[in-house]
Each structure stands twice: as C-alpha cells, then as structure tokens.
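Colleague: Sequence positions in the sequence shown follow mature numbering (1 follows the signal peptide of the UniProt record, and there is no 0) and run -20 to -1, 1 to 99.
We treat Cβ as the ideally placed atom computed from N, Cα and C, and that holds for glycine.
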Amino acid sequence: MKRILVAGILMAAAVSSVHAQSNLRFLQDTPISKFKKVDTDLMFKTLYQALDTADDGKTVTWENPKASNSGSITPAKDPQGRADCRLAKVENRHLTLHSSHDVVFCKVAGKWKWDKPNK
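The structure is reproduced here in structure tokens:
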C-alpha cells in the first residue's frame, strides 16, 4: 500500500523499460532507482512522519549510511489551500545523485495519497 501512494513519482524499484516508455524515464538516473527496500522503507516512514507531525517548513531527514543513501522531507501548506492536503518537498540522495520533487499529498480515509496533477 505504501508504494501505491507515490508510485508515479517516487518509483521504488529500478526503472524498467516498461516504466521508461510510460514517461517515467526521468527516474532512471535518480537516487530512488538505486534504493533498496530498507531505503524506501526509511523514506516512506519519514514522509508519513513529516506529513503527520512536522510544522510547515521544518525538514525531517532520513539516512542509511550503509548504502550512502539519504533524503529529507519538508512539508508545507497545500498550494490550493485544502486543509486535508500538504505539499512535500521530497529530496533524495545516493552517492553523487540528487533529486528534488515537490509533491502534494492528501489524507483520504486516514492515509496519505499522492494528489496526481490533472493533465
């Protein structure tokens, strides 16, 4: 269930050719494509903690020193002003790779879900 929440933007596994063909090629050379399960578990735990409890603008970090992976989540108010949603700046690092994405999450039935932009 955790990976479903951000699968579109925070793909936890290495990007396969199928994903690359579905406009997720940009994830191919990002830190998240190098993460193992322990890294994604740490990232998601930090994400949910930050969304649930961190003040707007307060950065919450995670790190797996064994794999040289780390990241941070900085929550903020939802740009559309919805009370049940928050913007999260999600930053991840693997060795020299770095990525940063602003993602909106909304709480639905007690769970944070990625608020996919309409295209």
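Just confirm the distance between the C-beta atoms of residue 30 and residue 53, as a whole number of angstroms; I'd bet it's less than 8 Å.
Modeller: Locating residue 30 in the sequence shown gives position 50, counting from the first residue. Locating residue 53 in the sequence shown gives position 73, counting from the first residue. Right, the Cβ-Cβ distance comes to about 4 Å (below 8 Å), so this counts as a contact.
Colleague: Straight-line CA distance for residue 69 to residue 81?
Modeller: By 1-based counting over the sequence shown, the position of residue 69 is 89. By 1-based counting over the sequence shown, the position of residue 81 is 101. Using only the alpha carbons, I get a separation of about 6 Å.
Colleague: Does DSSP put residue 82 in a helix, in a strand, or in coil?
Modeller: The count along the sequence shown starts at 1 and reaches residue 82 at position 102. In the structure shown, residue 82 sits in a strand (DSSP, three-state: E or B).
Colleague: Helix, strand or coil, according to DSSP, for residue 77 in the structure here?
Modeller: To locate residue 77, count along the sequence shown from 1; it is residue 97. Strand at residue 77.
Colleague: Just verifying my parser: in three-state terms, what is the DSSP assignment at residue 20?
Modeller: The residue given as residue 20 occupies position 40 in the sequence shown. The answer is helix: DSSP assigns residue 20 an H, G or I state.
Colleague: Considering residue 41, what are the terminal residues of the beta strand (DSSP E) in which it resides?
Modeller: Translated into the one-based positions of the sequence shown, residue 41 becomes position 61. Its beta strand (DSSP E) spans residues 40 to 44.
Colleague: Check each candidate in 32, 18, 92, 10 and name the one with the smallest Cα separation from residue 42.
Modeller: Here residue 42 refers to the residue found at position 62 of the sequence shown. Closest by alpha carbon: 18.
Colleague: Express the C-alpha separation of residue 61 and residue 25 in angstroms, rounding to a whole number.
Modeller: Here the question's residue 25 lines up with position 45 in the sequence shown. Here the question's residue 61 lines up with position 81 in the sequence shown. If you take the alpha carbons of residue 25 and residue 61, they lie about 25 Å apart.
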